[in-house]
Amino acid sequence: MMEVSKPRRLFLWCMAAIYMVAFVSLYVQIPGLYGNEGLLPARLQLRYGGRSLTEQLRSSPTLLWLGPHLSLDTQASMELLCLLGALLSLAALLVEALRDSLVFLCLWVSYLSMYQVGQVFLYFQWDSLLLETGFLTVLVAPLTLVRGSRGIREHDSMTFWLVRWLLFRLMFVSGAVKLTSRCPTWWGLTALTYHYETQCIPTPLAWFAHQLPVWWHKLSVVATFVIEIAAPFLFFSPLRRLRLGAFYLQVLLQTLIILSGNYNFFNLLTLTLCLSLLDNQHVNFWLRKRDDNRERKEAHPYRGGDSAGSSERWSWICYLLELVVWSLIIFGTIVLFDLQFDPHKNGVSSRTAFTFHHFNQFLKAVTIPCIWMGVLSLIWEMITSIFRCACVSGFLTRFWGMFQWSVFAVAATFMFTISLVPLSYVEHDSHVRLWPAVRQTYDLVDRFQLVNSYGLFRRMTGVGGRPEVVLEGSYDGVTWKEIEFMYKPGNVSAPPAVVTPHQPRLDWQMWFAALGAHTQAPWFTSLVYRLLQGKADVIELIQTDVSQYPFHQQPPTYVRAHRYRYWFTERKPDGSHQARWWRRVYDEEFYPMVHLGHTYLENMLSRYGLKDKLPPRHPSNNTVVQLLSWTRSQVKGIPAHTIIWTMLACSATWCFLMGLISNKNHTAVDLIDEAEKQGDEKSVAKQEKEEEVEKDQDVCTNQEGEEEEEDRDGDEQDKEDEMEK
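What the sequence shown shows, in the working numbering, is residues 3 to 727, in sequence order.
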């Protein structure tokens, strides 16, 4: 049975770190996004209307309803909730005892509360993934604050299995939707020839990746399909090395994505999910620690020759099965994508050798078996868990373990059942065949984001060039200055930014806005309105250092926006890098020239309900408000990614030092134990030697006694002979 205590502890540590990143990243942007003078004031989402607290929570499950009870307005309540979440996750990151089920429950409720009023700036798939993973973390984490024990529980493998099932859904569906969307770039294997320059916020390495030959990009798309569609089936393999191989394939894909694009904490969260594929033995291999199970096997290898022979035969059978599986994957990849060596290009040619109908039939054939594969795998984890509970000594301990197993078995079954709804979205017929009760239960809990559907990069955008919205301001309507953002592409000479794991949510939404008309992004009108007003909180979303904003001394009189098409520059003929990272051409007008009081602007604000006639509720000047104001003043002007990386570096250093101290203590204890063992062995050897010496002395004494008796007998015989003579 696979031991998962160490991967589970590592998973909880990573979840605490990701929660801290998410809360800090959001906290810095609250005034500009959700403040009373922000782009989408959150107070407009919370209409009190004299309803009771129970009715308010039923309409929208968020702790922000408690703000008026603390004399706080909605913005202050959001800041307080984010700060508490960041501090609590930081404490859990530093102290293992706080990586507790109750602590993670508080973190999940806090982030869910923010999500309920986050509107379009919080409706990203990674926010939903964090909420779903966060709820599973509540089930995975031990209840240390109540029980006072951080030891392994008998049902840990069962709850940790839910994380692996989420990873399977995430990766398999993300790969499948790329083909079900019928996007010609995915089917033509040319998606990565556009991806690096058209993704939201590329990194500098994306420019170099874009310069790779086309055949390499197409081969990379093939590898992506294999990792996202074929490899996830190995997550539930009974052969350990197949699971480890799938783990490293996922790590490879996520690492390459992190290097080439800024996707905040999304890829870090996916890597955290991949920890569910590991066991204690492999973590010990990473840490260069001894594996106790292996040592016990070596100390007592086999009691009979038949056991040794059967184990060796089973090992060879496993190797053969693993070889067959990897051979089938490689052979299937070669056949399905017609991989051939091209001597003219000195590379590998590839093409999609199957049709949409073939892939649709494949989904129909595997979706239901995938569900049954999950059912059988979960049942196996339940059986192994209950076996462990039954093997515990002590009636009360066994009874308590069985009770815990029953509770978590019901929770795991419930989570698995409702997750079948978003999984079956990938294939319509399978979704229709689900029991209606399952879909009804999913609809009841959908508002809590317990399970979600995923599918990134369904269609590749920017095939004809990367669309980018450029804002411009002017004092006279004749001379215009571009408003450059801190992270998104704008200035063609500025290198792409590196901002992971922070997510600048306005920059991300600017990328989505450029894909359509401004009427599809109502918040853009609010952005133009706030820039004309010169609101500092909104300006800090564009430039943390306000002095870099071209209109920091006086707001512009006029604002307009144009859409451009951007492309990465190419290498020079000699292979060197050009002075500019981007090239662009003008496309069209995105937002007309407006000023405060302009008819078009006023109509758009009224149309989207962005001009609230009710005055904002001013919080009382109590201690909490003063503390929030002081905290805000301390981080003002500091880039969010700098704050996040500083906190992560300090936390990692602290944990590393604590780990070294702990290892030294364990080493000292091991040395003492070893010395005691050696001392015991020496004392035993000495005692055995003394016993041998005593035995030798006794033998010698006996021999001497026998010789004396023989001499005496001889003397007496001589005397008798003389007397006879």
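Glycine included, each C-beta is placed from N, C-alpha and C at the ideal position.
query	result
Counted within 10 angstroms of its Cβ, other Cβ atoms place Lys220 as buried (16 or more) or exposed	buried
Proximity below 7 Å, CB of Glu39 to CB of Lys537	yes
Lys574 classed as buried or exposed, judged by whether at least 16 other C-beta atoms fall within 10 angstroms	exposed
Three or more C-beta pairs below 8 Å linking the stretch 72 to 88 and the stretch 25 to 35	yes
Euclidean distance between Cα positions of Leu14 and Thr139	7 Å
Among Gly51, Glu572, Arg609, Thr76, nearest to Leu630 - alpha-carbon criterion	Thr76
DSSP beta-bridge partners of Trp569	Arg585
DSSP three-state assignment for Gly661, whether helix, strand or coil	helix
Segment limits, beta strand (DSSP E) that includes Lys483	483 to 485
Simplified DSSP assignment, three categories, for Ser495	coil
C-beta contact flag for Leu191 and Ser352 at 7 Å	yes
7 Å Cβ cutoff met for Gly69 and Ser62	no
Collapsed DSSP secondary structure at Ser329 in the structure displayed	helix
Given 8 Å, three or more beta-carbon pairs between the stretch 184 to 204 and the stretch 125 to 143	no
C-alpha gap between Pro33 and Met173, whole angstroms	35 Å
Cβ-Cβ distance between Ser495 and Arg582 below 7 Å	yes
Cβ neighbours of Met595 in the same chain (closer than 6 Å, five flanking residues each side left out)	Tyr560, Arg562
Spatial distance of Val175 from Gly457 (CA atoms)	6 Å
Distance CB(Val471)-CB(Ala523) smaller than 7 Å	no
Close beta carbons around Ala411, own chain, < 6 Å, minus the five adjacent residues each side	Met384
Check whether Gly349 and Trp217 have beta carbons under 7 Å apart	yes
Collapsed DSSP secondary structure at Val228 in the structure displayed	helix
Assumed close pair Tyr444, Val423 - CB separation to whole angstroms, cut-off 8 Å	4 Å
Nearest-angstrom Cβ-Cβ length linking Trp454 and Leu169, presumed shorter than 8 Å	It is Asn, not Trp, that sits at residue 454 in the sequence shown. The pair is not a contact, with the Cβ atoms about 14 Å apart (cut-off 8 Å).
Three-way DSSP call (helix, strand, coil) for Gln342 in this model	strand
Backbone secondary structure at Tyr593 - three-state DSSP	strand
The stretch 45 to 53 in contact with the stretch 542 to 560 per 3-pair CB rule at 8 Å	no
With 16 other Cβ atoms within 10 Å as the buried cut-off, status of Ile646	buried
Cβ contact check for the stretch 465 to 485 and the stretch 601 to 611: 3 or more pairs under 8 Å	no
Any 3 or more C-beta pairs closer than 8 Å across the stretch 117 to 136 and the stretch 431 to 447	no
Reduced DSSP category for Leu735 - H, G, I as helix; E, B as strand; rest coil	Outside the displayed range of the chain (3 to 727) lies residue 735, so it cannot be described from this structure.
At least 3 beta-carbon pairs within less than 8 Å: the stretch 197 to 206 vs the stretch 275 to 284	no
Beta-carbon contacts of Lys366 that lie in its chain and below 8 Å, excluding the five residues immediately before and after	Glu429, Asp431, Ser432
Nearest candidate by alpha-carbon position, reference Trp163, set Ser7, Asn269, Ile541	Ser7
Sequence-distant residues of the same chain with beta carbon closer than 6 Å to Ala208, five excluded per side	Tyr198, Ser262
Cβ-based burial, Arg101 [other Cβ within 10 Å; buried from 16]	buried
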